[in-house]
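Peer 1: Chains as they are written, first to last, in my numbering: chain R, 35 to 1016; chain S, 1483 to 1573. Structure in structure tokens, see below.
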Amino acid sequence: MTQKNRIDGGLIDRNEPISFTFDGRQFEGYSGDTLASALLANGEKLVARSFKYHRPRGIFTAGSEEPNALVHLRRGAYLEPNTRATVAELYGGLEATSQNFRGSLKHDLMAVTDVFSPLLSAGFYYKTFMWPKAFWEKIYEPIIRSSAGLGRLSGEEDPDIYDKGYLHCDVLIIGAGPSGLSAALAAGRSGARVILCDEDFRFGGRLNAETFEVSGMSGTDWAMETIAELAAMDNVRLMPRTTIYGAYDHGTYGALERISDHLPTSGNKPRQVLWRIYSKRAVLCAGSTERPIAFGNNDRPGIMLAGAVRTYVNRWGAAPGKRVAIFTNNDDGWRTAHDLAAKGVEITAIIDSRECAPLSAPAGAAIIMGGQVVDTKGRHGITSITLANGQQIETDCLAVSGGWNPNVHLTCHQRGRPVWRENIAAFVPGGDIPTGMMVAGAASGELTLASALKQGHKTANSVVKDLGFKPSRKAVSKAEDEPVEVSAFWHVKASKSRAWLDLQNDVTVKDIKLAYQEGYRSVEHLKRYTTLGMATDQGKTSNIPALAIMAECTGKTIPETGTTIFRPPYTPIPISALAGRSRGKNFRPMRLTPSDKWAKEQGAVFIETGMWMRAQWFPREGESHWRESVNREVKQTRNSVGICDVTTLGKIDIQGRDAAEFLNRVYANPFLKLPIGKVRYGLMLREDGIVMDDGTTARLGENHYLMTTTTANAVSVFRHLEFCAQCLWPDLDVKMISATEQFAQFAVAGPNSRKLLQKIVDTKFDISNKAFPFMACGEITVCGGLPARLFRISFSGELAYEIAVPARYGDAMIRALMEAGEEYEVVAYGTEALGVMRIEKGHAAGNELNGQTTARDLGMERMVSKKKDCIGNVLSERPGLNREDGLSLVGFQPVDRKLELKAGAHFVAKGNPANTENDEGWMSSVAFSPIHGHSIGLGFIKRGHERLGEIVQAADPLRSRNIEVEIVSPHFIDPEGERLRV
Amino acid sequence: MIINHPLLGPRDASEFTYLGDANLMNRPDWLSENASEQFYEYLYLRENPAGEHCELWYHEQGDRSWLVITRNTLTNEISKVELARELERSA
């Protein structure tokens, strides 16, 4: 197919043709094209259907502010919805399809919604579909959702790689148009570290879209020369295809770099990189965005912003029409006429809303001063316009200019408010812009070229001077200031047909007036009621005209009416980019235990506990159900010996002359008199009297202790201890460090545990019951000299030890232990068997230490010393935590032993209805006890310790269960603790 | 945000965890007559000013220093960063 609207010139490489498809049809463009410019060059006007009314829409802008031309790019898992054709760089084989229609783009079956548009005005779904209520979720909403909207997702995982990165600089320059290039030159020449970013793939900004001269050469050539100079500087980093999307605290900026969006495939490179840029100063040179004028049927394909029409002609050699009319309220619109005429495009008419002397115009164009376009015709593209005086003018492209808005967005990201400047009828950055940011060029309201160059230069020089660099003496590049007079004109009141403000959300002038009639005054409410300024373009072309109309309605000025708040991101950021590499198994780090390799060899089943991967159980051949494996592990441990990797428990090494005093203050129970070589159970409270954590602390030396914490609280306990040491008692001589990862630790439990260990522990260490009794600890050597620590502590309720060796010996240790245990038929056990045994023994764990329970609830109130100052003891005495009918931890077993208990069931006294009023507590942990042969549980019930033997209901309405359970002692095995001490 | 650590220089806020009002350093005396009232106020009645606020941050992904940071809660401007362990306590 030929490029029928391709004309001479432009910054495209005609030696490099590129084929692409749009809606399955084959087209050709050139290297340097965007999808939009290539479509226009091929005469494609209709590219999309609108959000609500399914109106035919064409390309409206030439940049990231595009509201209309959203397409699906690529296919399959690579499908990318809502891509703006105006910023999609053309590459070989690009596949684009239009979105939001049924049938075909040209004959969209949903276009019928346009006929019903009177029913679909602002807030229609708040008013209609009210009855019957049940219809909303099942019928109305699904229909609305499927008929309105933007593109669709592939539903598949994004196969591309996304990355994150961090950059530092002295000066960040945002935007590489005339002011940005000028600023970068000045800053770069001073020697400061500069980062220059632009969302476009080609630096130069409007210089590439205009026919201006700078320093006696074309603006484009000057831009290229400047870029070459900057590229040669080691202290300057040039980042094209990079959008600064947010201004954050203390000079931090978010940037999205599109590394390979413009390539057919990303190869092994990341598709996009999300940068965090730390800058000492930033110069915002973001330029300005043109805004439209609202008039009847102003949304037809072929109606475009005047500056964009000029851009397509000058930069891309693509004429959006053959006979172009211009509707403007400012001088800039006239430049479009001149530039187009210079390229041989016919200008049919220039309609200027201002009653003033006409500017010079190309020959043959009808000049209508004080004119207004009231309506347009053309089903799939504009064919004619109607003026207020009734005159009809045939045209296939109407270029509209309502003036230019400085891109103030980033100046407002920290709640800054822009201020109104009358002479350009636009908002400019206010006084409360982010610290360290300066604004130059059109973004500051300086809309002309020479002043943009000057301001960029001057601003950069003052910034680098401020940072201690010596500004270069080189002068600013010279250019002329072009005419930019504007007279505010927002919408054509004489238009009878619908006049669009927000093309992306189908919001019309009438919708704004309706919202006003219905009492909406605040612009924030207006936005949410009408959906003005939402979705991908965030109202870049529509917000200000809509505000102006709201101001008209209320009789206030535009600055009095105010803007909505600008928030990041400036343009859409894919969720994939925000996720970066934190996806799937890389979502967060994974921690492996020292016996991981060995456990995998044994075919262990693993479970995530926090970040740790722990062996859950070790299935053996012939075992078809996890419980078979767990029962075997429990029985064998209780009958002979079992081994479990307990490395994941937090280990905190605490040293110092005041270590004992410190422990005495952070634990609720006394610690001053713990002898060297002994371990003590410690109960830690929060300051509010609730239990924080529990564990054991061993005294290894005069001033040396080793604390263990639960796996889950290892980090928070360590943080808390540092808080206590540094913030509460800085006078105490105590230092600590986490040793969790430095030591591999294994529990060796069961009646044969000592015999097994005696084969491992070097013979000079006596670990007999007499020499090394329950709660003893010591530094020993094993396997012929390897330093180790041995603790005689038990979580299972059996005679048990924990042995710790430096982490690098963990793998060797588990193998040595298992080998030594062969004669006792040692088993390895996982977290399930660990859990079963601790429930049988009645030990509280995470389910019981849930941040709501007190020492009293756990039956450990006697541990909370009243004779010392410790965290939590004062507030643990609050009456509310010491009610007579308070909870207490007890055991439960089903009356019908065949039934299974469920954690989460709530207890209700026998005979009472199972409701919240009668709730007396809950089941916190359950397990099948292979020793007892039935289900057992731990739980909290009011006055539980006084109610042993009572039968209550365990109500579980979520699972439609209610069974009878008996309250029993929480110690299902060895209540006297004899096994521990043999 | 960037926190200018007194020992390590400017560090990204993501290296830190936040606790809250620095008044948490002024833990009441457990032996005072109305200790429970004082502890209740200490723990639950904290200032939440719109403006300058002294607050505790912990350099968890760094040197584990607890810092007292004076931050304007409206602008995030940080005017002072001190090591908690070197500050005087009032209680």
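C-beta: ideal position from N, C-alpha, C; glycine also.
Kindly list, in the order they appear in chain R, the residues whose Cβ is closer than 7 Å to that of S/E1567.
Peer 2: Sequence index remark: in the second sequence, residue 1567 of chain S carries index 85 (1-based). Sequence inspection shows Arg at residue 1567 of chain S; the Glu mentioned does not correspond to that position. Correct list: Q760 and P764.
Peer 1: Express the C-alpha separation of R/S674 and R/R714 in angstroms, rounding to a whole number.
Peer 2: The count along the first sequence starts at 1 and reaches residue 714 of chain R at position 680. The count along the first sequence starts at 1 and reaches residue 674 of chain R at position 640. R/R714 and R/S674: Cα-Cα distance of roughly 26 Å.
Peer 1: Whose C-beta lies closer than 6 Å to the C-beta of R/G127 among residues of the same chain, with five residues either side of it excluded?
Peer 2: Here residue 127 of chain R refers to the residue found at position 93 when the first sequence is read from its first residue. So the list reads P298, once near-sequence residues are dropped.
Peer 1: With distance defined between alpha-carbon atoms, name the residue in R/D545, R/N495 and R/E263 nearest to R/L153.
Peer 2: Residue mapping note: residue 153 of chain R aligns to position 119 of the first sequence, counting from 1. The shortest C-alpha separation from R/L153 is found at R/D545.
Peer 1: What three-state label does DSSP hand R/R733 in the structure shown?
Peer 2: Numbered from 1 along the first sequence, position 699 holds the residue referred to as residue 733 of chain R. In the structure shown, R/R733 sits in a strand (DSSP, three-state: E or B).
Peer 1: Compare the C-alpha of R/I1018 against each of R/R357, R/F808, R/F94 and R/A838 and name the closest.
Peer 2: Here chain R covers residues 35 to 1016 and nothing more, so residue 1018 of chain R does not appear.
Peer 1: What residue does the beta strand (DSSP E) around R/D148 start on, and which one ends it?
Peer 2: By one-based count along the first sequence, residue 148 of chain R stands at place 114. Not the beta strand (DSSP E): R/D148 falls in the alpha helix (DSSP H), residues V146 to V149.
Peer 1: Listed from N- to C-terminal order along the chain, which residues in the region 896-930 of chain R have their beta-carbon within a distance smaller than 8 Å of any beta-carbon of chain S?
Peer 2: Answer in chain order: D903, N907, V908, L909, E911 and R912.
Peer 1: Can you list the residues of chain S that R/R753 reaches, using a CB-CB cut of under 8 Å?
Peer 2: Here the question's residue 753 of chain R lines up with position 719 in the first sequence. By Cβ distance, chain S contributes T1499, Y1540 and E1542.
Peer 1: Are the C-beta of S/N1558 and some C-beta of chain R separated by less than 8 Å?
Peer 2: For the purposes of this step, residue 1558 of chain S is taken as the residue at position 76 of the second sequence. Closer than 8 Å to some Cβ of chain R, the Cβ of S/N1558 qualifies, so yes.
Peer 1: With 9 Å as the C-beta to C-beta threshold (strictly closer), list the residues of the region 284-312 of chain R near chain S in chain order.
Peer 2: Here the close residues are H284, G285, T286, R310 and Y312.
Peer 1: R/T410 to R/A528, Cα distance in whole Å?
Peer 2: Locating residue 410 of chain R in the first sequence gives position 376, where the first residue counts as 1. Locating residue 528 of chain R in the first sequence gives position 494, where the first residue counts as 1. Straight-line Cα distance between these residues: approximately 13 Å.
Peer 1: R/P463: buried (16+ other C-beta within 10 angstroms of its C-beta) or exposed?
Peer 2: Taking the first residue of the first sequence as position 1, residue 463 of chain R is located at position 429. The residue in question, R/P463, is buried, as its Cβ has 16 or more Cβ neighbours within 10 Å.
Peer 1: Under 7 Å Cβ-Cβ, which residues of chain R neighbour S/A1517?
Peer 2: As a first step, residue 1517 of chain S is located in the second sequence; it is residue number 35 there, counting from the start. Correct list: V908.
Peer 1: Of all the CB atoms in chain S, is at least one closer than 8 Å to the CB of R/E853?
Peer 2: Numbered from 1 along the first sequence, position 819 holds the residue referred to as residue 853 of chain R. False, the Cβ-Cβ gap to chain S never drops below 8 Å.
Peer 1: Output, in chain order, the set of chain S residues within a Cβ distance shorter than 8 Å of R/E756.
Peer 2: In the first sequence, counting from the first residue as 1, residue 756 of chain R sits at position 722. Correct list: Y1540, R1546 and W1548.
Peer 1: CB-CB under 8 Å to R/G92, same chain, minus the five flanking residues each way: which ones, in chain order?
Peer 2: As a first step, residue 92 of chain R must be located in the first sequence, where it is residue number 58. Correct list, in chain order: K79, L80, V81, A82, N102, A103, R334, P335, G336, I337, M338 and G415.
Peer 1: Are there three or more Cβ pairs, one per stretch, closer than 8 Å when the region 445-465 of chain R is compared with the region 374-394 of chain R?
Peer 2: Judged by Cβ distances under 8 Å, the region 445-465 of chain R makes no contact with the region 374-394 of chain R, as fewer than three pairs qualify.
Peer 1: Any C-beta of chain R sitting closer than 8 Å to the C-beta of S/I1484?
Peer 2: Residue mapping note: residue 1484 of chain S aligns to position 2 of the second sequence, counting from 1. Yes, S/I1484 counts as interfacial toward chain R.
Peer 1: For R/E62 and chain B, any beta-carbon pair shorter than 8 Å?
Peer 2: Considering every chain present, this structure includes no chain B. Its protein chains are R and S.
Peer 1: Could you check how far apart the C-beta atoms of R/A533 and R/H525 are, in whole angstroms? I think they sit under 8 Å.
Peer 2: Here residue 533 of chain R refers to the residue found at position 499 when the first sequence is read from its first residue. Here residue 525 of chain R refers to the residue found at position 491 when the first sequence is read from its first residue. R/A533 to R/H525, Cβ: 6 Å. Contact.
Peer 1: Can you pull the chain S residues whose beta carbon is under 8 Å from the beta carbon of R/D722, in chain order?
Peer 2: Looking up residue 722 of chain R in the first sequence gives position 688. Residues of chain S passing the Cβ test: L1525.
Peer 1: Based on Cα-Cα distance, which residue from R/G137, R/E586 and R/G253 lies nearest to R/G211?
Peer 2: Position 177 of the first sequence holds residue 211 of chain R. The shortest Cα separation from R/G211 among R/G137, R/E586 and R/G253 belongs to R/G253.
Peer 1: Closest to R/M471 by C-alpha separation, out of R/N703, R/L206, R/R625 and R/L868, would be which residue?
Peer 2: Taking the first sequence and counting its residues from 1, the one referred to as residue 471 of chain R is at position 437. Of the listed residues, the one whose Cα sits closest to R/M471 is R/L206.
Peer 1: Determine whether the Cβ of S/R1493 lies closer than 8 Å to any Cβ atom of chain R.
Peer 2: On the second sequence, position 11 is the one that residue 1493 of chain S refers to. No, no contact with chain R.
Peer 1: Whose CA, out of R/T120, R/T286 and R/R236, lies closest to the CA of R/P274?
Peer 2: Walking along the first sequence from the start, residue 274 of chain R turns up at place 240. When only C-alpha atoms are compared, the closest one is R/R236.
Peer 1: Have a look at S/L1549 and S/V1563 and give me their C-alpha separation to the nearest angstrom.
Peer 2: In the second sequence, residue 1549 of chain S corresponds to position 67, counting from 1. In the second sequence, residue 1563 of chain S corresponds to position 81, counting from 1. Taking the straight line from one Cα to the other gives about 7 Å.
Peer 1: Could you tell me the distance, in whole angstroms, from the CA atom of R/D953 to the CA atom of R/F974?
Peer 2: As a working note, residue 953 of chain R is residue 919 in the first sequence. As a working note, residue 974 of chain R is residue 940 in the first sequence. Looking at the two C-alpha atoms, the distance is approximately 11 Å.
Peer 1: How would you write the range of the alpha helix (DSSP H) that R/H372 sits in, first residue to last?
Peer 2: If you number the first sequence from 1, residue 372 of chain R lands on position 338. Its alpha helix (DSSP H) spans residues D366 to A376.
Peer 1: What residues are listed by DSSP as bridge partners for R/D47?
Peer 2: Taking the first sequence and counting its residues from 1, one reaches residue 47 of chain R at position 13. Answer by DSSP bridge pairing, in chain order: R/S65.
Peer 1: Could you confirm whether any beta carbon from chain R is found closer than 8 Å to the beta carbon of S/L1489?
Peer 2: Here residue 1489 of chain S refers to the residue found at position 7 of the second sequence. Not closer than 8 Å to any Cβ of chain R, the Cβ of S/L1489 fails to qualify, so no.
Peer 1: Taking Cβ-Cβ distances shorter than 7 Å, what residues in chain R pair up with S/R1509?
Peer 2: Here residue 1509 of chain S is taken as the residue at index 27 of the second sequence, counted from 1. Under the 7 Å cutoff, chain R gives L762.
Peer 1: Return yes when the Cβ of R/A422 is within less than 8 Å of the Cβ of R/G450, no when it is not.
Peer 2: Taking the first residue of the first sequence as position 1, residue 450 of chain R is located at position 416. Taking the first residue of the first sequence as position 1, residue 422 of chain R is located at position 388. For R/G450 and R/A422, no; Cβs fall outside 8 Å.
Peer 1: What is the C-beta distance between R/T888 and R/I1001, in whole angstroms, given that I count them as a contact (C-beta under 8 Å)?
Peer 2: Within the first sequence, the letter at position 854 stands for residue 888 of chain R. Within the first sequence, the letter at position 967 stands for residue 1001 of chain R. About 20 Å separates the two Cβ atoms, so there is no contact after all.
Peer 1: Using CA atoms only, rank isn't needed, just tell me which of R/G983, R/M251, R/I261 and R/A549 is closest to R/G222.
Peer 2: Mapped onto the first sequence, residue 222 of chain R falls at position 188. For the residues R/G983, R/M251, R/I261 and R/A549, the minimum Cα distance to R/G222 belongs to R/I261.
Peer 1: Where in the region 497-564 of chain R do unbroken runs of the alpha helix (DSSP H), each at least 4 residues long, occur, reported from the N-terminal end onward?
Peer 2: The qualifying runs are 543-551 and 557-564.
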